[in-house]
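Q:
2 protein chains.
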Amino acid sequence: MTIKEVSEKYDLTNDTLRYYEKVGLIGPVKKNKSGIRDYTEEDLKRIEFVKCMRSAGLSIEVLKEYIDLFAEGKETEKARKELLKRERENLRKKIEKMQEAYERLNYKIDVFYKDK
Amino acid sequence: MTIKEVSEKYDLTNDTLRYYEKVGLIGPVKKNKSGIRDYTEEDLKRIEFVKCMRSAGLSIEVLKEYIDLFAEGKETEKARKELLKRERENLRKKIEKMQEAYERLNYKIDVFYKDK
DNA sequence: ATATAACTTAGAGTTAACTTTAAGTCAATA
DNA sequence: TATTGACTTAAAGTTAACTCTAAGTTATAT
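In order, the protein sequence lines correspond to chains A and B.
For reference, each letter of the first sequence is one residue, going 1 to 116 in my numbering.
For reference, each letter of the second sequence is one residue, going 117 to 232 in my numbering.
1. Taking 7 Å as the CB-CB cut-off, is R204 of chain B touching chain A?
2. Quick check on M117 of chain B - is its C-beta less than 7 Å from some C-beta in chain A?
3. Show which residues of chain A have a CB atom less than 8 Å away from the CB atom of R162 of chain B.
4. In angstroms with no decimal places, state the Cα-to-Cα distance between Y223 of chain B and Y229 of chain B.
5. Report the CB separation of R46 of chain A from T2 of chain A in whole angstroms; it is logged as a contact under 8 Å.
6. Would you kindly report the start and end of the unbroken alpha helix (DSSP H) that includes D15 of chain A?
7. Tell me, please, which residues DSSP counts as bridged to K147 of chain B.
8. Is there a Cβ from chain A that is less than 7 Å from the Cβ of S171 of chain B?
9. D184 of chain B: buried (16+ other C-beta within 10 angstroms of its C-beta) or exposed?
10. Where does the unbroken alpha helix (DSSP H) through K197 of chain B begin, and where does it stop?
11. Would C52 of chain A and A187 of chain B be called neighbours here (beta carbons separated by less than 7 Å)?
12. Evaluate the contact criterion for the segment 200-216 of chain B versus the segment 53-63 of chain A: three or more CB pairs, one atom per stretch, below 8 Å.
13. Less than 7 Å between the beta carbons of V145 of chain B and D159 of chain B, yes or no?
14. Whose Cβ in chain B lies nearer than 8 Å to the Cβ of N106 of chain A?
15. On the CB-based measure, 16 or more other CB atoms within 10 Å of its CB, does V122 of chain B come out buried or exposed?
16. Given a threshold of 16 other Cβ atoms within 10 Å of its Cβ, counted over all protein chains shown, does K197 of chain B qualify as buried or as exposed?
17. Please classify V23 of chain A as buried or exposed, where buried requires at least 16 other C-beta atoms within 10 Å of its C-beta.
18. Taking Cβ positions, are L221 of chain B and R88 of chain A nearer each other than 7 Å?
19. Nearest CA to the CA of L84 of chain A: which residue from A:K64, A:M98, A:Y39 and A:G27?
20. List the endpoints of the continuous alpha helix (DSSP H) containing I183 of chain B.
21. What residues in the segment 93-105 of chain A bring their beta carbon closer than 9 Å to a beta carbon of chain B?
22. Taking V178 of chain B and Y136 of chain B to be in contact with their CB atoms under 8 Å, please state how far apart those CB atoms are, rounded to whole angstroms.
23. So, under 8 Å CB-CB, K116 of chain A and E193 of chain B are touching, yes? Tell me the CB distance rounded to an integer number of Å.
24. Below 9 Å on C-beta distance, what does L128 of chain B contact in chain A?
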């Protein structure tokens, strides 16, 4: 799959896809004889995972850390699990804060601006 | 209340408090004869609101927009309500994405890394 | 054969939201 | 009176995550 197709499929720009590759979140993606990227199914799965986590606010640094651990093999499974648990907890807290703000917006809209 | 007390109460640095004031999210805060800030109850309420919304990811630009509308008076109530509804919807979508990522982390932790 | 469009790279530029720095004022304490 | 520590300002610096630019190559359509 070409970079264009991938960028359309996942709604990420070509630049972002190459940037993710450069910082080591994906790939290195295979290239054909004329140097053009050809994404595999594996690559797509990784992109989808990264996109999901990024859209939830996990930093590139953390994702890179996880992916590097993964590349190191089985002996890092415990460390990976710890990392995921840590990020899950961060996420939980963030969701909580957002829900607080959400309730507050609800209140303002429904009570303060009721008749506007 | 001094800037130090406020910064401790809300866990924001002095710098951030002055920055928020500079960009117009709060104040202008009253100063005593020697130029030192003395925050009022009104100021604190605003700070608390801004902190809550910032921690949920609303941009300074949007908050500024809302606060400027507020300062313009009653005739902007409808516009303010629209703004809040827009931001509430953005927030809802973001919470949804974060929950998706959260579930995914849960799954990885509980299934993939079950015995690690 | 040539123009067009999609791809490539390295590296510079952008944006938001702080954060730090430098230089200075002021009040309380040794 | 001198020093300490908290405050002040304007402006420069930082960081993350892209995003754009410039210069070049390649494949396809006319």
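Glycine included, every Cβ here is placed at the ideal spot set by N, Cα and C.
A: So, from the listed chains and residues:
1. For R204 of chain B, the answer is yes, since a Cβ of chain A falls inside 7 Å of its Cβ.
2. No, M117 of chain B lies away from the interface with chain A (no Cβ there is under 7 Å from its Cβ).
3. Taking a Cβ-Cβ threshold of 8 Å, none of the residues of chain A is close to R162 of chain B; the smallest such distance is about 13 Å.
4. Going from the Cα of Y223 of chain B to the Cα of Y229 of chain B covers about 9 Å.
5. With 8 Å as the limit, R46 of chain A and T2 of chain A do not qualify as a contact, their Cβ atoms being about 17 Å apart.
6. Segment N14 to K22, the alpha helix (DSSP H) holding D15 of chain A.
7. Its beta-bridge partners are B:R153.
8. So yes, S171 of chain B belongs to the interface.
9. Looking at its Cβ environment, which holds fewer than 16 other Cβ atoms inside 10 Å, D184 of chain B is exposed.
10. E193 to Y223 is the extent of the alpha helix (DSSP H) around K197 of chain B.
11. No, Cβ-Cβ distance for C52 of chain A and A187 of chain B is not below 7 Å.
12. Taking a contact to require three or more Cβ pairs closer than 8 Å, the segment 200-216 of chain B and the segment 53-63 of chain A qualify as touching.
13. For V145 of chain B and D159 of chain B, yes; Cβs fall inside 7 Å.
14. By Cβ distance, chain B contributes R204.
15. Burial state of V122 of chain B is buried, judged by a 10 Å Cβ sphere holding 16 or more other Cβ atoms.
16. K197 of chain B comes out buried.
17. The residue is exposed, with fewer than 16 neighbouring Cβ atoms inside 10 Å.
18. Yes, the Cβ-Cβ distance between L221 of chain B and R88 of chain A is below 7 Å.
19. Answer by Cα proximity: A:K64.
20. Counting along the chain, the unbroken alpha helix (DSSP H) around I183 of chain B starts and ends at I176 to E188.
21. Result list: K94, I95, K97, M98, Q99, E100, A101, Y102, R104 and L105.
22. No, V178 of chain B and Y136 of chain B are not in contact; Cβ-Cβ is about 14 Å, not under 8 Å.
23. That belief holds up - the Cβ atoms of K116 of chain A and E193 of chain B are roughly 4 Å apart, short of 8 Å.
24. Those within 9 Å of L128 of chain B in chain A number zero; the least Cβ separation is about 15 Å.
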